[in-house]
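A.B. asks:
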Amino acid sequence: MAEYFGDAERGKKECGNCTWCETHVQVVLPDEPAQPPDPVKVKRVLDAVGIRDDARMLAKLAFGIKSPRMGALKLYSLDVFESMNVCEFPELLKVFTEACERDGGVGE
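Residue 3 in UniProt numbering sits at position 3 of the sequence shown, with consecutive numbering throughout.
(1) From the DSSP output, in three-state form, read off Cys21 for me.
(2) Taking the alpha helix (DSSP H) that Ala99 falls in, what are its first and last residues?
(3) Out of Asp103, Glu98, Ala99, Asn85, which one is the CA nearest neighbour of Pro36?
(4) For Glu22, which residues in the same chain have their Cβ closer than 7 Å to its Cβ, ignoring the five residues on either side in sequence?
(5) Tell me the residue span of the alpha helix (DSSP H) that contains Val49.
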């Protein structure tokens, strides 16, 4: 899972915070197909957060994954946090990377 979200390089075998690390019981997710990123919701995230140097952070914000930077910026209280959790994370990353590059940021 850490590799999927781009956190595998941290080298830890377990984070100690997620359901797996706390219970060692696999979470069974509903078998629903992922939805493509909604351009209206993407725009809402981009309008709410002016940051364009970290597409991965924007994708995590939209998906609902917390990070120290988002905590420091108090982004969890925004209504866009976890607003796109029905999408595939790599698709969100692609969309936000394109937006960051288009807006003069560095993308991922």
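A virtual CB, placed ideally from N, CA and C, is assigned to each residue, including glycine.
C.D. replies: Taking the structure as given:
(1) The residue you call residue 21 lines up with position 21 of the sequence shown. In the structure shown, Cys21 sits in a helix (DSSP, three-state: H, G or I).
(2) Position 99 of the sequence shown, counted from the first residue, corresponds to residue 99. Ala99 -> alpha helix (DSSP H) spans 89-102.
(3) By 1-based counting over the sequence shown, the position of residue 36 is 36. Pro36 has its Cα closest to that of Asn85, out of Asp103, Glu98, Ala99, Asn85.
(4) Walking along the sequence shown from the start, residue 22 turns up at place 22. Sequence-distant partners of Glu22 (beyond 5 residues in either direction) whose C-beta falls short of 7 Å from its own C-beta are missing from its chain.
(5) Counting from one through the sequence shown, the residue named residue 49 turns up at place 49. Element bounds for Val49: n/a, residue is neither H nor E.
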